[in-house]
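Chemist: Got a structure for you, questions after.
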Amino acid sequence: MFPVFFVSWETAFSMTQKPPRQGNRSRVHSDRKRRTSQMEHTWILAGAVLAAVLACGWLWRTRRKREFRRSQYRAETGKRLKRVESDKGTEGEYLTSLALEKRVRGNRRFVFNAYLPCRSGGSTETDIVMIHEKGIFVIENKNYYGTVKGRADREYWDHYLPGKHHTFYNPIYQNKGHVRHLKRLLEEHGWRLPIVSVVVFNDRLERLRVRKKGTDAIVCKSRRAAGKINRRLWRMERVLDDGELEAVYDFLKGQTKPFWWVRHGQKRRAQKAAGHRLRER
2 MFPVFFVSWE
12 TAFSMTQKPP
22 RQGNRSRVHS
32 DRKRRTSQME
42 HTWILAGAVL
52 AAVLACGWLW
62 RTRRKREFRR
72 SQYRAETGKR
82 LKRVESDKGT
92 EGEYLTSLAL
102 EKRVRGNRRF
112 VFNAYLPCRS
122 GGSTETDIVM
132 IHEKGIFVIE
142 NKNYYGTVKG
152 RADREYWDHY
162 LPGKHHTFYN
172 PIYQNKGHVR
182 HLKRLLEEHG
192 WRLPIVSVVV
202 FNDRLERLRV
212 RKKGTDAIVC
222 KSRRAAGKIN
232 RRLWRMERVL
242 DDGELEAVYD
252 FLKGQTKPFW
262 WVRHGQKRRA
272 QKAAGHRLRE
282 R
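Here it is, written out as structure tokens:
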């Protein structure tokens with residue numbers, strides 16, 4: 002008598018199935034290998050892109066530091082790049098002066114943040130004074146975003162941001178006062194020089210619409226300032242030799258280091274004037 006074996010139905014079912022073909026196994030292995038290879042290539046590409054971005058960032062930062070170290074702005078102010086970048090107004094002055102330093106033709110020197118005495122007492126602060134062999138350029142630097150609209154003969158201009166609108170004092174009028182005080186100060190010391198008023202808005206401003214009828218002041222964005230100043234210089238005659246230019250520079254350089262109470266008083270008067278203008282509005 003032959004022995005009887007009992008098996009479960011799962012075992013019996015599995016015994017009836019055909020084993021997988023060798024071709025199917027190789028195809029599965031090939032697909033898995035291809036997916037692994039594609040993933041490796043993706044990671045390699047992502048790593049290469051990240052390395053390129055980091056390298057570009059490092060090169061840009063290195064170039065910016067080298068450019069700042071060689072700039073007249075650093076030589077004149079002694080400020081560090083980190084401090085300049087932390088304040089938008091200061092950074093705007095630096096970028097404007099850098100553009101002028103690179104592109105304005107002729108012998109010139111820069112004086113930053115000079116305090117000019119007023120006839121009525123106190124002082125007023127300028128942003129940038131460029132002493133050129135053909136004259137003096139008093140530059141008022143503005144750091145705005147969005148859109149600015151105004152007219153040379155209007156006391157207030159409009160500043161628009163998405164969903165916001167406010168007015169600010171006409172910078173042509175503001176710089177006109179700087180020009181007047183500087184002209185008087187230089188004449189008191191024997192220098193009668195042509196002085197040009199320049200109002201520069203940094204390139205962060207998207208749109209600048211200003212009607213300049215009735216004024217000879219230059220009003221533009223930072224990237225166009227050097228070109229407009231060069232065109233104005235083309236119509237001017239040389240009035241300072243190298244020695245005289247250095248003498249004017251040394252004199253105005255002495256106006257950049259006032260006593261602390263002069264700076265405090267100028268800041269307090271500016272805040273008071275701004276509040277008074279807002280109340281008038």
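My numbering applies: residue 2 is where the sequence shown begins, and numbers increase by one.
Using N, Cα and C, we set each Cβ at its ideal position, and we do this for glycine too.
Model, not experiment: these values are computed from the prediction.
Can you tell me whether GLY93 is buried or exposed? The criterion is at least 16 other CB atoms within 10 Å of its CB, across all chains shown.
Modeler: So GLY93 ends up on the buried side.
Chemist: List the whole-angstrom C-beta distance separating GLU134 from GLY107, where the pair is believed to meet the contact cut-off of C-beta under 8 Å.
Modeler: The pair is a contact, with the Cβ atoms about 5 Å apart (cut-off 8 Å).
Chemist: Is THR127 helix, strand or coil by DSSP?
Modeler: THR127: coil per DSSP, three-state reduction.
Chemist: In whole angstroms, give me the CA-to-CA distance for LEU186 and ASP159.
Modeler: One C-alpha to the other measures close to 32 Å.
Chemist: Just verifying my parser: in three-state terms, what is the DSSP assignment at GLY244?
Modeler: If DSSP states are grouped into helix, strand and coil, GLY244 belongs with the helices.
Chemist: Rank HIS179, THR148, ARG181 by C-alpha distance to the C-alpha of THR168 and give the top, closest one.
Modeler: Comparing Cα-Cα distances from THR168 to each of HIS179, THR148, ARG181, the minimum goes to THR148.
Chemist: Exposed or buried, TRP59, counting other C-beta atoms within 10 Å across all chains shown (16 or more means buried)?
Modeler: With fewer than 16 Cβ atoms within 10 Å of its Cβ, TRP59 is classed as exposed.
Chemist: Return the CA-CA distance between LEU51 and LYS83, expressed in angstroms with no decimal places.
Modeler: Computed Cα separation, rounded: 25 Å.
Chemist: Locate the alpha helix (DSSP H) running through LYS229, then write down its first and last residues.
Modeler: Per DSSP, LYS229 belongs to the alpha helix (DSSP H) from 223 to 235.
Chemist: Starting from the N-terminal side, write out each stretch of the alpha helix (DSSP H) that is 4 residues or longer and does not extend beyond the segment 24 to 108.
Modeler: For the segment 24 to 108, whole alpha helix (DSSP H) runs of length 4 or above, ordered along the chain, are 73 to 78, 82 to 87, 89 to 104.
Chemist: Just verifying my parser: in three-state terms, what is the DSSP assignment at LEU194?
Modeler: Note: LEU194 maps to coil in three-state DSSP.
Chemist: Would you kindly work out how many angstroms separate the C-alpha atoms of LYS254 and ALA53, rounded to a whole number?
Modeler: Their backbone Cα atoms lie some 44 Å apart in a straight line.
Chemist: For the structure I just gave you, are there three or more beta carbon pairs, one from the segment 233 to 247 and one from the segment 170 to 177, closer than 8 Å?
Modeler: Contact fails: fewer than three Cβ-Cβ distances are below 8 Å.
Chemist: Could you compute how far the alpha carbon of LYS177 sits from the alpha carbon of CYS57?
Modeler: C-alpha separation (whole angstroms): 43 Å.
Chemist: Please identify the residue among ILE196, HIS166, HIS190, GLU188 whose C-alpha is closest to the C-alpha of VAL180.
Modeler: The option with the nearest alpha carbon to VAL180 is ILE196.
Chemist: In its own chain, which residues sit with a C-beta less than 6 Å from the C-beta of PHE138, not counting the 5 before and 5 after it?
Modeler: Once the five neighbours on either side are set aside, the close Cβ partners of PHE138 are MET131, VAL197, VAL199.
Chemist: What is the rounded straight-line gap between the Cα of ASP243 and the Cα of GLU77?
Modeler: Each residue's alpha carbon lies about 18 Å from the other.
Chemist: For the candidate residues LYS103, GLY191, CYS221, whose alpha-carbon lies nearest to that of ALA248?
Modeler: Ranking the options by Cα distance to ALA248, first place goes to GLY191.
Chemist: Between the beta-carbon of PHE202 and the beta-carbon of LEU209, is there less than 9 Å?
Modeler: Yes; because the gap between Cβ atoms is below 9 Å, this pair is in contact.
Chemist: CA-CA distance, LEU99 and THR43?
Modeler: When rounded, the distance between both Cα atoms is 42 Å.
Chemist: Below 8 Å on the Cβ atoms is my guess for ASN114 versus THR216; work out the distance and round it to an integer in Å.
Modeler: The pair is not a contact, with the Cβ atoms about 25 Å apart (cut-off 8 Å).
Chemist: Sorted by chain position, which residues of the same chain lie with C-beta nearer than 6 Å to LYS150's C-beta, five sequence neighbours on each side aside?
Modeler: So the qualifying residues of the chain are ASP159, ARG210.
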